[in-house]
Every structure is written in structure tokens, then in C-alpha cells.
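Those protein sequences? They're chains A and B, same order as listed. The opening position of the first sequence corresponds to residue 0 in numbering that gives the first Met the number 0, with each subsequent residue numbered one higher. The opening position of the second sequence corresponds to residue 0 in numbering that gives the first Met the number 0, with each subsequent residue numbered one higher. For each residue, glycine too, the CB sits at the ideal point set by N, CA and C. These notes concern the structure reproduced below.
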Amino acid sequence: MKHLFKAEVFKGILALLVLLLIVKTIWFVAEVLWLPTKGINEVDKTGAKSLYYRVKLTPNEVAAPTTKPTKVVKQEGNIKEIKLLAIYNDSAITVITVSYKGKTKVMSRGDEINGFVLEGAGSNFATFSKNNKTYKVMLIKSKTSTNAIKSITPVEPSKPVTTTSGGPTGEVVDVGDHKVIDRSLINHYSENMDDIYKEVGLTEVKEGKNLKGFRFTFVRKDSPFAKLGLRRDDVIKSINGQEINSYNAAFGVYKNIKNIDNLTLVIQRGKEEMELEYEIN
Amino acid sequence: MQMVKKIFIAIALVWFVLIAFMPKQELYYKLEQTLEKNDIRLNEETIDEGLFSLTLHKVDVYIKGIKLATIDEVDFFTLLFYTRVEIENLLLDESLKSKVPTQVNSLIASHSILAPLKIKLETEGSFGGAEGSIDLKEKNLHLDLNNTSMKGIEMLQSTLQKNEKGWYYETSF
Chain A
0 MKHLFKAEVF KGILALLVLL LIVKTIWFVA EVLWLPTKGI NEVDKTGAKS LYYRVKLTPN
60 EVAAPTTKPT KVVKQEGNIK EIKLLAIYND SAITVITVSY KGKTKVMSRG DEINGFVLEG
120 AGSNFATFSK NNKTYKVMLI KSKTSTNAIK SITPVEPSKP VTTTSGGPTG EVVDVGDHKV
180 IDRSLINHYS ENMDDIYKEV GLTEVKEGKN LKGFRFTFVR KDSPFAKLGL RRDDVIKSIN
240 GQEINSYNAA FGVYKNIKNI DNLTLVIQRG KEEMELEYEI N
Chain B
0 MQMVKKIFIA IALVWFVLIA FMPKQELYYK LEQTLEKNDI RLNEETIDEG LFSLTLHKVD
60 VYIKGIKLAT IDEVDFFTLL FYTRVEIENL LLDESLKSKV PTQVNSLIAS HSILAPLKIK
120 LETEGSFGGA EGSIDLKEKN LHLDLNNTSM KGIEMLQSTL QKNEKGWYYE TSF
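Put into C-alpha cells, the structure is as follows:
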């Protein structure tokens, strides 16, 4: 009888197939027992709230233009009857809501009320002109905050921040109902993260696996952070409406801090939640 | 002699089949799981599996949920006795520019069975070039920088040391 295959070749092929089968089986078992079948991907949580200030409705990427009045005259005459309730400000349009003699009116740039023409608006004020004079009307502070959240008034009057060579420049100024932060100070800290950690210590606050905010382990006396009214053991819960519930959220705010005109921090001090408001100028 | 030849062929075959059938993608997922324990996550756009390699395209690197780097291509290549990981065009987030050079054109980490406790490193980027190694026994990393002018690496100066060859970076882990 004639053989179709050489016995040796057949044995070789068979051995190879057995080898393939064994190796494949080993890998298969390893896959089933130890190896995951799906990768882990980070879900990009970039859906930060667009509100950076409770009355400013511009998207956070676009910095609202701040109109600097050339000549601001003290409020006088009938201008006092105009109460500024809200401001919408972006690069193309300025819209404000005012209350005049018990009625509310929405105005855009150029509109007139009681002879006062709306010239422009900043983050917390609007400017009107009448008879070649400029009038500044400040935004009325909301008194309708929830019981849990309230505004606090700074306790001590602020002094300019001492400028050291290579250190932060700029100052935090107390203007009564809120504090104004010099933009150069913000710019400095946004470019020198290390300098932040010279002034404050931060540690994460977790509930189980969930991040609930960041606690100040120390706030250096006379530092810009102390002048902002921040104290040791305060927990930052949100910044400009963005809950600080992840490192990504905190870093997102940090990266955009240069582009904002107002800063609102919700902090927890003891059992109480507080809202701290600042203007960046 | 015939026997030796047969054993050699058998070993070569086993080695080849072992690598060819290796579930490379699943092993990469295992690596992702391990990195995740250290709060590092990799988001890749596509994964290409080759006979001896696995290539990731457009990788975003997240550390503690923060996107800190993007990489054009990561290539894992292994022959079991020699393994190489090649990273092309690593771009770190702008916010880190005050701490480290943000552009790395290429980074090659290779491991050979001839020096099992060392991982060789070669890198090139906006900072110039650097060569060095990771000593797994001594648990340290040593990088010799080719850049002598310190251009582009001014921010690293405080972390660098100098010897007769030039600037170098050394750290333990």
C-alpha cells in the first residue's frame, strides 16, 4: 500500500497543531481567569457650569468686557431711583435689568430710563450718562440666598500684599460688601502653582470614595489667601458654581482662573456653608 | 546533533506561538487596571495589534482625573527576551510648563534579558536629548542630558546635578 504522507511530516504537523492548541488554550485560560476584556477609560467631565457669577450669564471661556468709565460721578439726583438687579454681559451685547419706581425694565446699551442712557456695564455695576456726566450704579446684592448659604463680610480691613522679589504682586482690597483681587495676583498664582502651596496647605475631603472638596490644613498669616477671608479647616465646596468634587474639576477651574472676572467660593466652615464673593480687576 | 536541532526548532516554535497568540490587547487592559490603582488612566483612540507588537494611537493620559498629557503613538514591542516601549510626541499640559519641558518627541524604554534588572531609556524633545537607565535593584533612575546650554530646561536646574559628562538627573523610588 502506498502512503499518501510521510509519517514523519504528518507527525510534525500534528505536533505543531497540538502545540498551537496547547498555547492557545493556555492563553485562553489566562484571559478568562486573569485578564480583563475591557479597558478603563476616563470619562471627560468637562461639563462645568457656565455660570461664573450669579448675575453674569456669559460662558466662562469668554471674559466679559469690563467697561471702565472715564469719569465716575457719585450717585446723585434721580439715578438713586434706578436699582440694578441683574447684568448680562458678553463681547457683543450688554443687557441689564433695572428696577425703577417699582417696575422692572430690561435695557440694552443705548436705552434710556428717566433720562439716563445706559453706556455699559461691568461685572457688578452699570454706567449711565446724562448731561455729559457718567453715573455708576452698583448691583444690588442678593438677599434671597438660602439659609444654608450666606455672604460673609470680611472681618478685618485688608492691607496691600507685600511684594517680594519673585513672589506674587498685586493686592486684595476690601471695598465693603466684597473684596477686589488684583488680576496680577491671579495671573501669578495661575502660572506658579508652587507659590500657592507656600501660602496654604490643601488636603482632600472624602466621603467613602467620593471627593467632597479640599480642606485648608493651614493658611499663612498675611498671605493673599488669608486676606480673602479663608481660614484653616475651611473646606472648598465649589468655585463659581463648579462643584469641586474631583481633581479634574479643581484643575479645570485653576486652568480657567485667568479668564474670569468674578470669583465665588462656597466653603464649609464648621457646620456652616458660606459664600465668599470677589471681584477680579 | 539531530536531537539538538529538533529541540532548538521546538523551542523556537513554542516561543513564536507564545508571542503570536499572546492576548496583547487584554494584557494592555491589565496594564490599564494596574495603572488605575495609582490614579493613572489612559484613553486611547485606537489599538492596533501586530504579531509582536501593540500600538496605541492618540492617547490621553489622565492623572487623578486630570488630563495632563497627550501622546500621538505608544508602541509596545516584545520578543519576550527583549521588550521595548516607544512613545512618540508626548505633549504635556501647558500648566506644567513652569515645572518640566512640555514636549517630548520620543521616549524609548527597553528591557533586555541580558540585563534583567535594568531598563534603558532614551529620550528626545524640546529639552534636547537624554539617555539613562532605571535600576530595578537599586530602585533609582539616572538620566544624562545631552543639553549643555540648559536652554529649554531652566526650570529643571534645581533638580539637576553636574558631573564630568554634564548635567544629569537622578532620583530614587
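Asked, Found
"Contacts that Lys10 of chain A makes with chain B (C-beta to C-beta distance below 7 Å)", "Correct list: empty, because the minimum Cβ distance to chain B is about 12 Å."
"The segment 43-50 of chain B in contact with the segment 78-85 of chain B per 3-pair CB rule at 8 Å", "no"
"Below-7 Å beta-carbon distance, Lys4 of chain B vs any chain A residue", "no"
"Contiguous alpha helix (DSSP H) assignments of at least 4 residues, all confined to the segment 207-249 of chain A", "223-226"
"For Asn146 of chain B, the nearest candidate out of B:Thr122, B:Leu135, B:Asn139 and B:Ile107 (CA to CA)", "B:Thr122"
"Sequence-distant residues of the same chain with beta carbon closer than 6 Å to Ile112 of chain B, five excluded per side", "Phe80"
"Minimum Cβ-Cβ distance from Lys23 of chain A to chain B less than 7 Å", "yes"
"Beta-carbon contacts of Ile112 of chain A that lie in its chain and below 7 Å, excluding the five residues immediately before and after", "Ile81, Val97, Tyr99, Lys104 and Met106"
"Straight-line gap, Ala68 of chain B to Leu91 of chain B (C-alpha atoms, nearest Å)", "4 Å"
"Close-in-space but distant-in-sequence residues of the same chain around Asp233 of chain A (CB under 6 Å, 5 per side omitted)", "Phe215, Ile266 and Arg268"
"Proximity test, Cβ basis, 7 Å: Glu48 of chain B and chain D", "In summary, chain D is missing from the structure at hand, where the protein chains are A and B."
"Alpha-carbon spacing of Ile62 of chain B relative to Ala19 of chain B, whole angstroms", "32 Å"
"Under 9 Å from the C-beta of Glu31 of chain B: neighbouring residues of chain A", "Pro35, Gly38, Ile39 and Asn40"
"Distance between Ile86 of chain B and Leu106 of chain B (C-alpha atoms, nearest Å)", "5 Å"
"Residue-level contact to chain A via CB, Leu79 of chain B, 7 Å cutoff", "no"
"The segment 118-132 of chain B contacting the segment 150-159 of chain B, beta-carbon criterion three pairs below 8 Å", "yes"
"Beta-carbon separation (whole angstroms), Ile243 of chain A vs Asp260 of chain A, contact threshold 8 Å", "The Cβ separation is near 20 Å, so there is no contact."
"Which of helix, strand or coil DSSP assigns to Tyr51 of chain A", "In this prediction, Tyr51 of chain A has a pLDDT of 47, which is less than 50 and means its spatial position is unreliable; what the coordinates show is noted afterwards. Note: Tyr51 of chain A maps to coil in three-state DSSP."
"Chain B contact for Tyr196 of chain A (CB, 7 Å cutoff)", "no"
"Cβ-based neighbour list, Gly64 of chain B, same chain, cut-off 7 Å, excluding 5 preceding and 5 following", "none"
"Contact with chain B by Asn258 of chain A, beta-carbon distance below 7 Å", "no"
"Where the segment 15-41 of chain B meets chain A: residues whose CB sits under 7 Å from a CB there", "Val16, Leu17, Phe20, Met21, Pro22, Glu25, Leu26, Tyr28, Lys29, Glu31, Gln32, Glu35 and Arg40"
"Secondary structure of Met154 of chain B, DSSP reduced to three states", "helix"
"Coil, strand or helix - Arg182 of chain A by DSSP", "helix"
"Cross-strand partners of Met106 of chain A (DSSP beta bridge)", "A:Ile95"
"Length at least 3, wholly inside the segment 51-134 of chain B: the beta strand (DSSP E) runs in chain order", "52-62, 65-77, 81-91, 102-111, 117-124 and 127-134"
"Amino acids of chain A, ordered along the chain, whose beta-carbon sits closer than 7 Å to that of Ser97 of chain B", "Glu190 and Asn191"
"Continuous beta strand (DSSP E) stretch holding Val133 of chain A: start and end", "For clarity, residue 133 of chain A is Thr in the given sequence; the question names Val instead. That run of the beta strand (DSSP E) goes Lys132 to Met137."
"Coil, strand or helix - Glu7 of chain A by DSSP", "helix"
"Straight-line gap, Lys37 of chain A to Ile10 of chain B (C-alpha atoms, nearest Å)", "32 Å"
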